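To start, the structure itself, in structure tokens.
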Amino acid sequence: MSTDTPDPERPVDETDRPAPPGASGVTPSSAEPTAVPPPDRPSSPAGFDPADPLSPTAYEGSPEQNVDQPRRPLRAAATVLGTVLTLAVLGALLGLLWAALAPDTPVLKTAEGAIYAQPQPEQPIAADGWFSLLGLAFGALAALVLWFALRRWRGPVGLLSAVLGALAAAPVAWQVGRRIGLATFDRLLDTAPPGQAFTKPADLRAGGVDWLLGVLPVPHGNLLLPAFGAAIMYTLLAGWSRWPSLRPEPDPAPFSWASEGTPAPPTAPEPPAPRAAEPPRD
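Position one of the sequence shown corresponds to residue 26 (this note's numbering), numbered consecutively onward.
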């Protein structure tokens, strides 16, 4: 059909428009399917993917971390000081236990004073041994309790509290333990006649306290073992922790190789309904 002979069934004033599907001999089944865009997701901050458990900002808004982020130095100092005082008081119980387990040393009163009743007594060595074992156990147990009690302060604050508290408890335990029965020993040492045998309470020979500049006490020897046990236990607990921040965090979503946002395969569009034939125009 030429341009001079228009289509009689087409209105003259109708503008050109694309032919309907099927007009050029292409069936709908052979047409290329149209991709359906996936549904829009709610807007989220840059770098955040809720479906990705490895996202760096996946847990920034968790309540546990929001509470722990603002750290005040005064509260941290108060926590350390309160822990040190508490463990120092508990050191008195450690001293009572040490005095009950450590054996007394037999002595003999002479004109020059008291001497050991045996040439090489084993009781002083046993007293040092008992204090060392009890001190290590006390420090490790203190660190274990503080790990769970001071859950919000796990890290440098918790480690400092455990070490300083155990370091303060050791001299207290030593002084409390050695003074049990010391008054009776001093009285017998002054009033007992020569040749009388009695016992000396347990004391330390492998540890003590030196005074730096006459003001600052510096413990040494087996008085450092409680702090050593606390440091070792707290470090092991931190190394075995499965949380990078050492504080409990929400468990991430289980990882799956299949993406939750994968859209379903698109389907071919349905063909349009056939248009009714227009009657021929005169």
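Where a beta carbon is used, it is the ideal one built from N, C-alpha and C, also for glycine. None of the values given here were measured: they were computed from a predicted structure.
Label residue i either buried or exposed according to how many other C-beta atoms from any shown protein chain fall within 10 Å of its C-beta, with 16 as the threshold for buried.
i: E295; result: exposed
i: V105; result: buried
i: F156; result: buried
i: V109; result: buried
i: P181; result: exposed
i: V240; result: exposed
i: R212; result: exposed
i: S270; result: exposed
i: L262; result: buried
i: D228; result: buried
i: V188; result: buried
i: A103; result: exposed
i: A174; result: exposed
i: T82; result: Any reading at T82 must be qualified, since the residue scores a pLDDT of 47, below 50, and its modelled position is unreliable; no value is offered.
i: W265; result: exposed
i: Y259; result: buried
i: L238; result: exposed
i: W172; result: buried
Determine the extent of the beta strand (DSSP E) in which residue i is found, giving its start and end residues.
i: A125; result: Taken as a continuous stretch (DSSP letters only), A125 belongs to no beta strand (DSSP E), being part of the alpha helix (DSSP H) at P98 to L126.
i: P181; result: Note, P181: premise wrong, no beta strand (DSSP E); alpha helix (DSSP H) at P181 to R203.
i: D153; result: Careful: D153 lies outside any beta strand (DSSP E), inside the alpha helix (DSSP H) at Q148 to A174.
i: D228; result: Taken as a continuous stretch (DSSP letters only), D228 belongs to no beta strand (DSSP E), as it is neither H nor E.
i: G246; result: L241 to G246
Under 8 angstroms by Cβ, that's how I've got residue i and residue j pegged, so tell me the actual separation to the nearest angstrom.
i: A9; j: P244; result: Examination of residue 9 is not possible in this model, given that the chain is present from 26 through 307 alone.
i: G202; j: L121; result: 7 angstroms
i: P116; j: A193; result: As written in the sequence, residue 116 is Gly, which differs from the Pro given in the question. Confirmed, about 7 angstroms.
i: P242; j: K134; result: In fact, because the Cβ distance is near 33 angstroms, the residues do not count as touching under 8 angstroms.
i: G160; j: G233; result: In fact, because the Cβ distance is near 14 angstroms, the residues do not count as touching under 8 angstroms.
i: L112; j: G190; result: 3 angstroms
With DSSP as the reference, please indicate the residues paired to residue i in a beta bridge.
i: F210; result: For F210, which the question treats as bridged, DSSP gives no partner whatsoever.
i: F223; result: V132
i: A139; result: K134
i: W236; result: P242
From this set, the options, which residue's C-alpha is nearest residue i's C-alpha?
i: Q145; options: P131, G138 and E137; result: P131
i: D153; options: A124, T135 and L189; result: A124
i: R100; options: W178, A113 and L159; result: W178
i: N247; options: A198, R176, L166 and G138; result: A198
i: W268; options: R176, A142, F223 and T224; result: R176
i: A162; options: W172, A142 and I257; result: I257
i: I150; options: L207, L185, Q221 and A231; result: A231
i: S186; options: P98, R272 and G107; result: G107
So the alpha helix (DSSP H) residue i belongs to, where does it begin and stop?
i: L262; result: L250 to W265
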